[in-house]
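Note that the working numbering has the sequence shown beginning at 1, numbered continuously upward.
Note that CB positions come from ideal geometry on N, CA and C, so glycine has one too.
All remarks here apply to the structure that follows.
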Amino acid sequence: MADNLEVRRATTSISVEIYDQTYHLRAHDQVYIQKLASMVDAKMRAVSASGNTVDSLRVAVLAALNIADEFLRLQENCSELRGSVTETQSSLRTRAHNLAGLLDSVLDDEHRYRQSVPVGAGVHTGSSLANQLR
1 MADNLEVRRA
11 TTSISVEIYD
21 QTYHLRAHDQ
31 VYIQKLASMV
41 DAKMRAVSAS
51 GNTVDSLRVA
61 VLAALNIADE
71 FLRLQENCSE
81 LRGSVTETQS
91 SLRTRAHNLA
101 GLLDSVLDDE
111 HRYRQSVPVG
121 AGVHTGSSLA
131 NQLR
């Protein structure tokens, strides 16, 4: 019972107009509901303008089909993007692993070089590493 009271307190009444009809709704976010109502109204008006029906129920069903079509296409695009991101992440992980291996190899070679050079022989005299090896 207390949860139901909290829900009632969190919602407010809002009136929206869709296709020349006023609807009284309860909402948590009035701005969001108004935006949804505007989108539905626009879709219904577009369907009505492109067809030859004046039946508001038929216009509403056709608008709903258009909205559902857009929604499914967006879901498919989102799914494709998720797959692409996963593929890219996998590729980047593989490249990072390979680069880490190369870096470890180079550092290991440098460590072996430092161990083989006598103390004081590796003192930097301003000459390049190649000249020090000659």
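8 Å contact criterion, which V61 and T53 should meet: CB distance rounded: Not a contact, Cβ separation roughly 10 Å.
What are the start and end residues of the alpha helix (DSSP H) that includes V47? 30-50
Find out if the Cβ-Cβ distance for the pair D41, Y19 is shorter than 8 Å. Contact annotation: D41 and Y19 have beta-carbon atoms nearer than 8 Å.
Count the other C-beta atoms from every protein chain shown that fall within 10 angstroms of the C-beta of K35, then say buried if there are 16 or more, exposed otherwise. exposed
Does DSSP put V54 in a helix, a strand or coil? coil
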